[in-house]
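Novice: Chains as they are written, first to last, in the working numbering: chain A, 1 to 101; chain B, 1001 to 1335. Idealized CB from N, CA, C, for every residue including glycine.
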């Protein structure tokens, strides 16, 4: 399943929307990337099994001075697993993110 | 034949160039003795010598073969020490390499700029057509060589971009090594596994690796550009209330699925009773949401139909209230 999300929204609004979509659709986020038209991001979801628990989604912005690897190894990411890192629109600006759960 | 004045100009340009290269020496602060890999005395060397490594590695193998808890604990300490010592060597060599890359590229660019400017100046002020032609040809050849070096060695990338990629790749491997050292015993992360990671760590800090990572990034960027939005439905931004409601609905629904799924593998009377109770409740909820639904639907089908009903809230948030009611979830004032 693919859906677009307004890239002008804040990081928390987009994270909340992605989590809402995961819970409502019984799927889990697999990738999130910039779309080819306007400031839209494209979310790709994959199916989950009956009874499968999908842990809370965490999306962290990667500051320009840091690398995704540094964020992944930081205390913020402790105990979480990396889903992907990518660049998306956040509040209309291209922003590097890492997604964990 | 070059005229005397042309030769003088060229000579001045080259002399000034060689002077500049000495005056403009931007390298790095002095390396502290304890971080200087060349600072060796009779008793101590910062470098991990081969004979030292051999001794440590034999001791490590013996401890691992002993296999008792105490030996494995010591082996783990030794593993970490060996990995750290190799890491120090790799780190020191990398920093020197990185500094040389910056300095080498800057020096090459500066000399090339001066030469180009010098040749252009000499061509302009020299008399005689033949001298102009010769200098023009030399200038063209020089520009070609510069372009060739840029293309073949640096793939027309800046050193900053390449080094940034090298650092990123190194950080990834380093984080993995440190995590394994922190969390894993020698059974789960042997020295040999760490050794393999160290090889990767070393090669992540090479010019080739940096260029490869940049190329991969360019590929990702190209792929990213293809993420089509045409025909893909847009999700409305979820409010806090939307999220809270779906979380409550899913919590109730997941209980039903968990009870049913447990009874697939656990056939104890309690598990079967809990499953039956969950399915009865699921049928009631489905009936509230879809009065026309059949009452003899297979159990799995009931749960899947409920999933489908919940999924409708993805694009129609008014369904959330209906679902809350059907699942018997009390609504708070702000919902």
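(1) Could you give the distance in angstroms between the alpha-carbon of residue 1176 of chain B and the alpha-carbon of residue 1030 of chain B?
(2) Interface residues of chain B around residue 6 of chain A at Cβ under 8 Å?
(3) For the putative contact between residue 1207 of chain B and residue 1078 of chain B, defined by C-beta atoms under 8 Å, what is the C-beta separation to the nearest angstrom?
(4) Would you say residue 1329 of chain B faces chain A, with C-beta separation under 8 Å as the test?
(5) Between B:1265, B:1308, B:1205, which has its C-alpha nearest residue 1170 of chain B's C-alpha?
(6) Compute the Euclidean distance between the alpha carbons of residue 54 of chain A and residue 28 of chain A, then round it to the nearest angstrom.
(7) Please report the distance separating the alpha-carbon of residue 12 of chain A from that of residue 1075 of chain B.
(8) For residue 3 of chain A, does the three-state DSSP call read helix, strand or coil?
(9) Assuming residue 1240 of chain B contacts residue 1282 of chain B (C-beta within less than 8 Å), just tell me the rounded distance between them.
(10) How should residue 1194 of chain B be labelled, buried or exposed, when 16 other C-beta atoms within 10 angstroms of its C-beta is the threshold for buried?
(11) Using only the alpha-carbon positions, how far apart do residue 1065 of chain B and residue 66 of chain A sit?
(12) Rounded to whole angstroms, what is the Cα-Cα separation between residue 1276 of chain B and residue 1304 of chain B?
(13) Pick out whichever of B:1328, B:1082, B:1160, B:1097 has its Cα sitting closest to the Cα of residue 1251 of chain B.
(14) Quick one: which residues of the segment 32-64 of chain A get their C-beta closer than 7 Å to a C-beta of chain B? List them in chain order.
(15) Let me confirm a value: residue 1053 of chain B is counted as buried when at least 16 other C-beta atoms fall within 10 Å, else exposed. Which label applies?
(16) In this structure, how does DSSP classify residue 1349 of chain B when only helix, strand and coil are distinguished?
(17) Taking 8 Å as the limit between beta carbons, can you name the residues of its chain near residue 61 of chain A, skipping five residues before and five after?
(18) Taking the C-alpha atoms as reference points, what is the distance between residue 1023 of chain B and residue 1048 of chain B?
(19) Three or more C-beta pairs under 8 Å: does that hold for the segment 32-45 of chain A against the segment 2-21 of chain A?
(20) Here's the rule: buried if 16 or more other CB atoms are within 10 angstroms of the residue's CB, otherwise exposed. What is residue 7 of chain A?
(21) Once the 5 residues before and after residue 1313 of chain B are set aside, which same chain residues still bring their CB inside 6 Å of it?
(22) Counting only beta-carbon atoms, is residue 1246 of chain B nearer than 8 Å to chain A?
(23) Give the residues of chain A in contact with residue 1313 of chain B, contact being defined as C-beta atoms less than 7 Å apart.
(24) Can you check whether the C-beta of residue 1256 of chain B is within less than 8 Å of a C-beta belonging to chain A?
Specialist: Answer, in terms of the structure:
(1) In a straight line, the C-alpha of residue 1176 of chain B is about 31 Å away from that of residue 1030 of chain B.
(2) Neighbours of residue 6 of chain A in chain B, taken as residues whose beta carbon is under 8 Å from its own, are 1234, 1237 in chain order.
(3) Taking the Cβ atoms as the reference, residue 1207 of chain B lies roughly 34 Å from residue 1078 of chain B, outside the contact range of under 8 Å.
(4) Chain A contact via Cβ: absent.
(5) Taking only the C-alpha atoms, the option nearest residue 1170 of chain B is B:1205.
(6) If I take the Cα positions, the gap works out to 7 Å.
(7) Taking the straight line joining both Cα atoms gives about 46 Å.
(8) Three-state result, residue 3 of chain A: strand.
(9) That belief does not hold up - the Cβ atoms of residue 1240 of chain B and residue 1282 of chain B are roughly 28 Å apart, past 8 Å.
(10) Under this definition residue 1194 of chain B is a buried residue.
(11) Cα-Cα distance, rounded: 42 Å.
(12) The straight-line gap separating the alpha-carbon atoms of residue 1276 of chain B and residue 1304 of chain B is approximately 16 Å.
(13) Checking every option, the nearest Cα to that of residue 1251 of chain B belongs to B:1328.
(14) Within the segment 32-64 of chain A, 33, 34, 35, 36, 37, 40, 42, 50, 51 place their CB atoms closer than 7 Å to a CB of chain B, listed in sequence order.
(15) By the neighbour-count rule (16 or more Cβ atoms within 10 Å), residue 1053 of chain B is not buried but exposed.
(16) Outside the displayed span of chain B (1001 to 1335) sits residue 1349 of chain B, for which this structure offers no information.
(17) Shown here for residue 61 of chain A: same chain residues with a beta carbon closer than 8 Å to its own, the five before and five after excluded, namely 11, 90, 95, 96, 97 in chain order.
(18) Because the pLDDT at residue 1023 of chain B is just 45, under 50, the model does not fix this residue reliably, and the value given afterwards should be weighed accordingly. Distance from the CA atom of residue 1023 of chain B to the CA atom of residue 1048 of chain B, rounded to whole angstroms, is 36 Å.
(19) Short answer: they touch.
(20) Residue 7 of chain A counts as buried, since no fewer than 16 other beta carbons sit within 10 angstroms of its beta carbon.
(21) Taking residue 1313 of chain B as the centre and dropping the five residues before and after it, the same chain places the C-beta of 1319, 1320 closer than 6 Å to its C-beta, in chain order.
(22) Nearest CB-CB separation between residue 1246 of chain B and chain A: below the 8 Å threshold.
(23) What residue 1313 of chain B touches in chain A: 24.
(24) Taking 8 Å as the threshold, the shortest C-beta distance from residue 1256 of chain B to chain A does not fall below it.
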